[in-house]
Amino acid sequence: MVKRALISVSDRRGVVEFARRLAKAEVEILSTGGTGRALREGGVAVTEVSEMTGFPEMMGGRVKTLHPKVHGGLLAVRDDPSHVAEAEQNGVGMIDLLAVNLYPFAATAAREGVSLEEGVENIDIGGPAMLRSGAKNFRFVAVVVDPDDYEQVAGEVEGGGVTQATRERLAVKAFRHTADYDGAIDRFLSERLAGEKVLRLGYGRGTALRYGENGHQRATLYRRREGGGVAGAVQLHGREMSYNNYLDAHAAVEAVRDVAGGSAAVVIKHGNPCGLATGPDLATALARAWNGDRESAMGSVIAVSKRMDRGAAEFLRSSYRSPLIEGERRRFIEIVIAPGFDPDALDLLRRKSKDLRLLEIGPLEADGPEPMLYRQVSGGLLEQTRDDVLCERWEVVTRTPFPESRRGLGEFAMKAARHTRSNAIVLARAYAAGHYEVIGMGAGQPNRVDSLRKLAIPKARENFECEFPGVATGGDFEAYVRQQLSEAVMASDALFPYDDTVTLAHSLGIRYVVQPGGSVMTGPGGGDAAVTATADRLGVAMVFTGTRHFLH
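First residue of the sequence shown? That's 14 in this note's numbering, and the numbers climb one at a time after it.
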């Protein structure tokens, strides 16, 4: 049963109503400073902590709760006779409920231009001390750090007392709160006083996964506290997510977010976008993305930019003819990710397969990407900002113009390239006015020439074979291939050290190239000047963007 509560908060959301409910349940309210004034103004009878301790607040409020009558009331073990006797001998009354949240240190420290003095002044001492005292004694004391818990705690107090399960949950939350608080102080003072950077990651709610990348590896998913992202997606259907599923789902959401704004879809296989397209509607975008690599799309992870509608769901349920294997094949998919599902689309996809995972994420424009990226290496952790600059410039460096009307296609191709493992080459075309698709890509090769010659071009040719029948070309497939490539844009995630890739591209019929530029190689055909000169000689239009997009 709660007879006495101490309330001292910086975040005063809902605190007056919370205190009113406690007072109505005949709980004595202790408080301090500004919180006490707010409660009294709200009609709640309050006893000042200084009145209870018999010791005034000192030093501008720095010393007010650091007193045996406060910490004794929080730490006393109620079923230990010696504790109870000592409390009675020293006039220490029990405190059964503690509602405390701390000076907003993290917000203060994050402000641009904040001084060391201001940051230090916002380091709470008494608050964390009380929280730790109360949380340590969770068998008898309920500690509330989050205003979102007021409703449940007040309800339990009104019902006779805070339950053991709730006290345990609140104790974990309190220690997590003080740990995060101390971590913020550590980061601030380490940088300001010691000249060191310290990293502390605030992830929780760990969930054990079935296994890691392979069956013999263990894996856990940790979620950020505020939720959101792929880790916070709501699974509406299907088998349990695996480690690899989460990696591919993340890659899918990042890629489709990059081309969102209308209807867009991406098909991810082993972390690479084997298909990416925009369209006048979701079904068209999805079909074009699937056709980017029909074979690799089998067993893929798909993300779309808008609510999944019936038309798009029907496409995923339909079968298709493989370019390599005779007969019809069903579209086998591991995961579909969308910012929402229309009821009829959800019903169709649920009936497609009991195993198909359906994930609902927040709106892509609202649920922003992670600002920092981390990678573990032996003995350490690498941190970097995300790759959020597509092009520092758009400089046509050749005599042959790169038409402004093709810039949208060029930027689309470069977006696809920055989500493709380096060394990346992407071929993209406009299949309708303002709508684009990837027609071939090469990823993860030791050199960029192989990405084009051995992967992107064979894949594009395979795609052209699928659409060639019925095309009025007089039956000349090679002429059709050259015609299609002549209208496509080739994008590279990094510079061309030599002119060999441009020479190869031209021999295949490619006329438009987008690359970062920046090669300082010397020798025959080496360096930006030589690459540009070769493009000029061959009549290839080339753009330098000034931004590299390695993805390892």
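For every residue, glycine included, the Cβ atom is placed at its ideal position computed from N, Cα and C.
Helix, strand or coil for TYR224, going by three-state DSSP, please let me know.
Translated into positions along the sequence shown, residue 224 becomes position 211. Coil, per DSSP.
Would you kindly work out how many angstroms separate the C-alpha atoms of ALA504 and THR291, rounded to a whole number?
Working through the sequence shown from its first residue, we reach residue 504 at position 491. Working through the sequence shown from its first residue, we reach residue 291 at position 278. Those two C-alpha atoms are separated by around 17 Å.
Give the range of the alpha helix (DSSP H) segment to which GLY49 is assigned.
Counted from its first residue, the sequence shown places residue 49 at position 36. For GLY49, the enclosing alpha helix (DSSP H) has its first and last residue at 46-54.
Using a Cβ-Cβ cut-off of 8 Å (strictly less than) and excluding sequence neighbours within five positions of GLY559, which residues of its own chain qualify?
Start at 1 with the first residue of the sequence shown, and residue 559 comes out as number 546. Taking C-beta separations shorter than 8 Å and ignoring five residues to either side along the sequence, the partners of GLY559 in its chain run CYS404, GLU405, ARG406, GLU408, PRO529, GLY530, GLY531, following chain order.
Flag this pair as yes or no: are the beta carbons of THR78 and SER21 separated by less than 9 Å?
The residue given as residue 78 occupies position 65 in the sequence shown. The residue given as residue 21 occupies position 8 in the sequence shown. Contact check for THR78 against SER21 passes: the beta carbons are separated by less than 9 Å.
Where LYS319 falls: helix, strand or coil (DSSP):
By 1-based counting over the sequence shown, the position of residue 319 is 306. Collapsing the DSSP output to three states places LYS319 in coil.
Just to check my reading of the structure: LEU299 and ALA278 have Cβ atoms closer than 8 Å, yes? What is that Cβ distance to the nearest angstrom?
Residue mapping note: residue 299 aligns to position 286 of the sequence shown, counting from 1. Residue mapping note: residue 278 aligns to position 265 of the sequence shown, counting from 1. 4 Å between Cβ atoms; contact.
Could you tell me the alpha carbon to alpha carbon distance between PHE151 and ALA232, rounded to whole angstroms?
Against the sequence shown, residue 151 aligns to sequence position 138. Against the sequence shown, residue 232 aligns to sequence position 219. Annotation: PHE151 to ALA232 spans about 31 Å, alpha carbon to alpha carbon.
So, does the segment 311-324 touch the segment 347-361, judging by three or more C-beta pairs under 8 Å?
Here the segment 311-324 makes contact with the segment 347-361; the two share three or more CB pairs at distances below 8 Å.
For VAL349, which residues of its own chain have a beta-carbon under 6 Å away from its beta-carbon, when the five flanking residues on both sides are left out?
Mapped onto the sequence shown, residue 349 falls at position 336. Annotation for VAL349: ILE315, LEU371 place their beta carbon closer than 6 Å to its own, counting only its chain and skipping 5 residues before and after.
Element boundaries [beta strand (DSSP E), containing ALA310]:
Translated into the one-based positions of the sequence shown, residue 310 becomes position 297. For ALA310, no beta strand (DSSP E) encloses it, and the DSSP letter there is neither H nor E.
Inspect the beta-carbon positions of ARG91 and MET65 and report whether they are closer than 9 Å.
In the sequence shown, counting from the first residue as 1, residue 91 sits at position 78. In the sequence shown, counting from the first residue as 1, residue 65 sits at position 52. No. Outside cutoff.
How would you call ALA148, buried or exposed, if buried means at least 16 neighbouring beta carbons within 10 angstroms?
As a working mapping, residue 148 is identified with position 135 in the sequence shown. Buried, by the Cβ-count rule.
Alpha carbon to alpha carbon, how far is VAL157 from ALA187?
Mapped onto the sequence shown, residue 157 falls at position 144. Mapped onto the sequence shown, residue 187 falls at position 174. Cα-Cα distance, rounded: 7 Å.
Within its chain, find whatever has a CB closer than 7 Å to the CB of ALA430; leave out the 5 residues flanking it on each side and keep chain order.
Position 417 of the sequence shown holds residue 430. The residues ALA437, VAL439, ALA504, SER505, ASP506, HIS562, in chain order, have a CB closer than 7 Å to that of ALA430 in the same chain once the five nearest residues on each side in sequence are set aside.
Within the segment 174-238, note down every full beta strand (DSSP E) run reaching 3 residues or more, in order along the chain.
Every unbroken stretch of the beta strand (DSSP E) spanning 3 or more residues and falling wholly within the segment 174-238 is given here in chain order: 216-221, 233-237.
Using only the alpha-carbon positions, how far apart do PHE425 and GLU131 sit?
The sequence position of residue 425 within the sequence shown is 412, counting from 1. The sequence position of residue 131 within the sequence shown is 118, counting from 1. Cα to Cα, the separation comes out at about 46 Å.
Under three-state DSSP, which class holds ALA170?
Your numbering for residue 170 matches position 157 in the sequence shown. Residue 170 is actually Val in this sequence, not Ala. VAL170 falls in the helix class under three-state DSSP.
Quick check on DSSP: helix, strand or coil for PHE328?
Counted from its first residue, the sequence shown places residue 328 at position 315. PHE328 falls in the helix class under three-state DSSP.
With DSSP run on the structure shown, which of helix, strand or coil describes PRO286?
Against the sequence shown, residue 286 aligns to sequence position 273. DSSP places PRO286 in strand when its eight states are reduced to three.
Among all the DSSP beta bridges, which residues are the ones paired with SER276?
Along the sequence shown, one-based indexing puts residue 276 at 263. DSSP, once it has assigned bridges, lists GLY292 as partnering SER276.
Proximity to MET555 [Cα-Cα], best of MET311, ARG419, GLY49, ARG180
Looking up residue 555 in the sequence shown gives position 542. Comparing Cα-Cα distances from MET555 to each of MET311, ARG419, GLY49, ARG180, the minimum goes to ARG419.
Residue of ALA119, ARG213, ILE138 minimising C-alpha distance to LEU394:
For the purposes of this step, residue 394 is taken as residue 381 along the sequence shown, with counting starting at 1. Closest option to LEU394, Cα to Cα, is ARG213.
Would you mind reading off the limits of the alpha helix (DSSP H) that contains SER427?
The count along the sequence shown starts at 1 and reaches residue 427 at position 414. A quick correction: the sequence has Met, not Ser, at residue 427. 420-431 is the extent of the alpha helix (DSSP H) around MET427.
Is it right to say PHE509 is buried, meaning 16 or more other beta carbons lie within 10 angstroms of its own, or is it exposed?
Locating residue 509 in the sequence shown gives position 496, counting from the first residue. Taking all protein chains shown into account, PHE509 has 16 or more neighbouring C-beta atoms within 10 Å of its C-beta and is therefore buried.
Measure the C-alpha to C-alpha separation of PHE565 and THR516 and round it to an integer number of angstroms.
On the sequence shown, residue 565 is found 552 positions in, with the first residue counted as 1. On the sequence shown, residue 516 is found 503 positions in, with the first residue counted as 1. Looking at the sequence itself, residue 565 is His, so the reference to Phe does not match. The straight-line gap separating the alpha-carbon atoms of HIS565 and THR516 is approximately 26 Å.
Whose C-beta lies closer than 8 Å to the C-beta of ALA246 among residues of the same chain, with five residues either side of it excluded?
Along the sequence shown, one-based indexing puts residue 246 at 233. A distance below 8 Å between beta-carbons, with the five flanking residues on each side excluded, links ALA246 to the following residues of its chain, in chain order: ALA262, ILE350, LEU372, GLU373, ILE374.
Have a look at THR45 and GLU396 and give me their C-alpha separation to the nearest angstrom.
Translated into the one-based positions of the sequence shown, residue 45 becomes position 32. Translated into the one-based positions of the sequence shown, residue 396 becomes position 383. THR45 and GLU396 have their C-alpha atoms some 42 Å from each other.
For ASP513 and MET427, what's the separation of their Cα atoms in angstroms?
For the purposes of this step, residue 513 is taken as the residue at position 500 of the sequence shown. For the purposes of this step, residue 427 is taken as the residue at position 414 of the sequence shown. Cα to Cα, ASP513 sits roughly 20 Å from MET427.
Is DSSP giving LEU88 helix, strand or coil here?
What you label residue 88 is simply residue 75 of the sequence shown in a count that begins at 1. Three-state result, LEU88: helix.
Same chain only: Cβ atoms within 7 Å of GLY27, ignoring 5 sequence neighbours per side:
Walking along the sequence shown from the start, residue 27 turns up at place 14. Correct list, in chain order: PRO160, TYR163.
So, using beta-carbon positions, are PHE345 and GLY305 closer together than 9 Å?
Reading the sequence shown from its first residue, position 332 is the one you call residue 345. Reading the sequence shown from its first residue, position 292 is the one you call residue 305. Their beta carbons are not under 9 Å apart, which means PHE345 does not touch GLY305 by this criterion.
Could you check if MET143 is buried or exposed, using at least 16 other CB atoms within 10 Å of its CB as the buried criterion?
Residue 143 sits at position 130 when you count from the first residue of the sequence shown. MET143 counts as buried, since no fewer than 16 other beta carbons sit within 10 angstroms of its beta carbon.
Could you check the C-alpha separation between GLU347 and GLU253 for me, to the nearest Å?
Stepping through the sequence shown from its first residue, residue 347 is reached at position 334. Stepping through the sequence shown from its first residue, residue 253 is reached at position 240. In this structure, the straight-line span from the alpha carbon of GLU347 to that of GLU253 is close to 11 Å.
The beta strand (DSSP E) with LEU19 in it runs from where to where?
Along the sequence shown, one-based indexing puts residue 19 at 6. Note, LEU19: beta strand (DSSP E), 17-21.
Can the beta-carbon of GLU267 be found closer than 9 Å to that of HIS80?
Residue mapping note: residue 267 aligns to position 254 of the sequence shown, counting from 1. Residue mapping note: residue 80 aligns to position 67 of the sequence shown, counting from 1. The answer is no: Cβ separation not under 9 Å.
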